[in-house]
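Here the working numbering = 1-based position in the sequence shown + 971. Cβ coordinates follow ideal geometry from the N, Cα and C atoms, glycine included. On a predicted model such as this, the values are computed, not experimentally measured, just so you know. Report on the following structure.
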Amino acid sequence: MFPALIHTITHLKGGIFGVPLFHKRESQFSIRTPWGLSFPPAYVDTYSLSRRRKIYSQEKGFRYQSMEKPESDVAIIDYLQDVPLSDSYEAALEALSSLIRQQKRGDQKTIGGKYGKLDRMRMYLKILDLEERVAGLKIIHVAGTKGKGSTCTFCEAILRESGFRTGLFTSPHLIDVRERFRINGVDISEVKFLLYFWNCWNQLKEHETEDLPMPPLFQFLTVLAFKIFVCEQVDVSIIEVGLGGRNDSTNVIEKPVVCGITSLGMDHTETLGNTIGQIASHKAGVFKHQIPAFTVLQVSEAMDVLQENARELMVPLKVVEPLDAKALNGLKLSLSGDHQFSNAGLAVSLCKSWLQRTGNWEKLFQKDNKEANLPEAFLRGLSTAHISGRAQIVHDSSSSSSHVSSEVAETSGDLIFYLDGAHSPESIEACAKWFSVAVKGNNQSQPLVLSSSHNIENINVVRKNGHVQHEKCNIQEFNKISKKILLFNCMEARDPQILLPRLVSTCASSGTFFSKAIFVPSISTYNKVTSGTSVIPSDISSKDLSWQFSLQRLWERIVHGMDTDLLEKSTKMDGAETSPHHEFLYEDASNCSPSNGYLACSAVIPSLPLTIKWLRDCVRENPSLRLQVLVTGSLHLVGDVLKVLCLANDSRTRCKVPCLHDAIGSANGFQIKTMMHMSRPSIEGLPLLIHYGGRAPLVRGSGFESVFTLRVFANLRNYTEKKSG
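Here you go:
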């Protein structure tokens, strides 16, 4: 056991060297080790903890230095032994799951109590003493139908590269709920998440009444985001609206610095209305009196509604043109697809406005103040921003390197996943255009970390305008047989009769055609919050595949241009527990015989892990095969694919979820370089003071400014020699 002080705010001073997160990707250690939190999850009093930290330091003979900046959030972990960190995190996820009121999307279950949603939100903030502190946040508030997450991500990267400590709140998450909360471009750590989570949970539980029940999931996560950003003392908070705008949980924001509305389209019609005008009215609800707002080009009906709402509130609303590629000075947007130029243009305008209204534009960019030129920080942000599951490419090397010999690896085919969570008519069309371009020009990119919380040794993830980079390119690459596979699922609240035909027709217009389509159920359920290490259900015998078979019938109707009602026999579980034979991949569409229930163009596979295994087996058996798999229709499906890819080789190497990262420290002239993915026994007994410095030294262009540094006190030399001996 070891006493440790984790200080989450103070900026570091001389003598400490910063190292960017994930510097030693090859570390053998995993954070999934039996660390525990000795203090019960409860309210953390800042003053008391600061005083305890001072007393503890003095008792142990450490010199205590008062910081120039007051500490606003300090957690003291006295003995990390009682509860394994992973167990505590799973308990938090179980608690979150209990807040889900709907069994599936579209359920209109009402929340008890006599207060409306926004009134409840204000009461929750008051209970947590956040009302005035949230008002002090300098917020960029973004609504829209598509592109909200990308626009917010661009904004975060631009302002982080400009030197500001950033907080980003987006939804939904793909693998782990912590993805929704980024500090300086990095998902919040498990330790910090648990601290803030239980802080909010216990206080709200104490005040739970019949009139004021616990908040539903998204309302709680919104409150938690405000808590995190306040305690982390971010300079700017970028907040993505969850649903709509006017009645969204985030709309307790009364005075943002600036508002943005991305492209509008038909989505969530069961809640927002059946016309684009009604939807636009909900989105315009984020406008605040005389607060500047920006939007992109919209259809006339939507634009009229936005402008009318802006006039009523005296909002200066400006329409932003898509970013001109020439403005990037030869760089490329880090997010793929032509539609991202619209999101990037909006992000640039939002960031300029934020900088101007906070008095920072002239200070930072006097030399770059020409309208025609983007500041260097803007260019860095636009070219390094990253968001998973949107036009993302994953080259799965496990099909050739995991559990097989090197000789086999050299003679295996390629398996490449193209991931995009498009689920509306407009976004599915943008996805189809991106995929059509990406599959035709894939050897011009740079490697990318899959996400700030998941390190996958056997998967090469690449990003740069939808291209894939192969480290070793030889003549065999040009002799590959490419087959394009659609891996699809969507929620029943969506309309696949619109999504699938638009996907097929848009791809076909660019000369891109699918060899096969595979329909699978998602692993994620609407009523449970899981993490990257949650167990994947293995029981598929009771899986209801009726929705997947209905998608298959629709697909066959699109492909063959005829009704396929004779497929009803196939909708039963007969043969559904196995994946197709490998010859299925090469069968011609002319072999289809719907009357006999046999299809050569599509298949229903009862589980995603089984599907991934089948795809991997196919490329292992044929070294001349390249499978280009488009995964779309649902962000849940995209997240599930990423999760399966992450956990598929868990027996060989655990999926690393970094919490305490690379660090270099020095003490008494002795330097130590250590990787904080270590197991507890390797540092047991060593008193540590771990600083989290938001503006410690960084490697420019790394995309990360938040770094951990380690200062080791007392008998470091003796301890190290003893352990090494």
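Would you please state the rounded distance, in angstroms, between the beta carbons of residue i and residue j? I believe it to be under 8 angstroms.
i, j, result
"E1708", "A1348", "An answer regarding residue 1708 cannot be provided, because it is not within the stretch 972 to 1696 covered by the chain."
"L1458", "V1491", "7 angstroms"
"G1604", "H1366", "22 angstroms between Cβ atoms; not a contact."
"R1091", "L1166", "Actually they do not touch by this definition, with Cβ atoms about 24 angstroms apart."
"G1248", "V1276", "5 angstroms"
"I1146", "L1613", "6 angstroms"
"L1326", "L1335", "7 angstroms"
"P1577", "L1516", "6 angstroms"
"L1386", "L1586", "6 angstroms"
"L1474", "A1403", "5 angstroms"
State the beta-bridge partners of residue i as determined by DSSP.
i, result
"T1603", "F1459"
"V1612", "None; V1612 has no bridge partner."
"Q1363", "L1390"
"V1157", "I1154"
"L1165", "Paired residues: none, contrary to the question."
"D1385", "R1597"
"F1265", "G1231, K1289"
"S1133", "BP columns for S1133 are empty, so no partner."
"K1454", "L1598"
"L1139", "R1153, I1209"
"A1574", "I1489"
"H1112", "I1210, C1230"
"K1117", "S1234"
Is residue j closer than 7 angstroms to residue i when the C-beta atoms are compared?
i, j, result
"L1284", "H1260", "yes"
"L1596", "I1452", "yes"
"K1289", "F1258", "no"
"L1108", "S1252", "no"
"A1063", "F1168", "yes"
"Q1519", "V1575", "yes"
"G1138", "I1358", "no"
"L1175", "M1185", "yes"
"T1116", "G1213", "no"
"I1507", "I1489", "no"
"S1059", "V1500", "no"
"L1470", "I1399", "yes"
"H1112", "I1224", "yes"
"S1324", "P1263", "yes"
"G1231", "L1321", "yes"
"G1118", "S1271", "no"
"A1298", "N1280", "no"
"F1125", "A1318", "yes"
"R1072", "P1187", "yes"
"G1352", "I1129", "yes"
"P1580", "G1384", "no"
"F1197", "V1105", "yes"
"Q1523", "S1480", "no"
"G1360", "G1392", "yes"
"R1328", "V1228", "yes"
"H1178", "I1110", "no"
Smallest Cα separation from residue i: which of the options?
i, options, result
"D1219", "V1575, Q1204, L1616, F1191", "F1191"
"Q1269", "N1314, L1302, A1296", "N1314"
"L1598", "I1224, A1403, Y1389", "Y1389"
"L1101", "K1163, E1150, E1161, Q1204", "Q1204"
"H1552", "C1589, R1524, I1110", "C1589"
"G1482", "E1527, N1280, R1465, S1407", "S1407"
"L1304", "L1350, L1525, K1404", "L1350"
"T1355", "R1465, A1106, R1093, E1127", "E1127"
"K1226", "I1210, F1485, L1294, Q1278", "I1210"
"T935", "P1472, P1293, T1221, D1611", "The structure shown has nothing for residue 935, since the chain only spans 972 to 1696."
"A1571", "S1578, S1486, V1600", "S1486"
"T1240", "P1577, L1601, A1464", "A1464"
"I1199", "L1096, R1282, N1222, E1177", "L1096"
"G1503", "V1148, L1089, L1070", "V1148"
"T1221", "D1238, C1202, P1472, L1089", "L1089"
"D1158", "R1282, H1144, N1170", "H1144"
"G1244", "A1273, V1229, V1228", "A1273"
"S1368", "C1617, V1602, N1460, P1396", "C1617"
- Query: What are the start and end residues of each continuous alpha helix (DSSP H) run of 4 or more residues lying completely inside the region 1289–1348, in chain order?
  - Reply: Under the rule that a run must span 4 or more residues, the alpha helix (DSSP H) segments found entirely inside the region 1289–1348 read 1311–1328, 1332–1336.
- Task: With a floor of 3 residues, list each beta strand (DSSP E) that falls wholly inside the region 1203–1243, ordered by position along the chain.
- Result: Here the runs fully enclosed are 1207–1211, 1229–1232.
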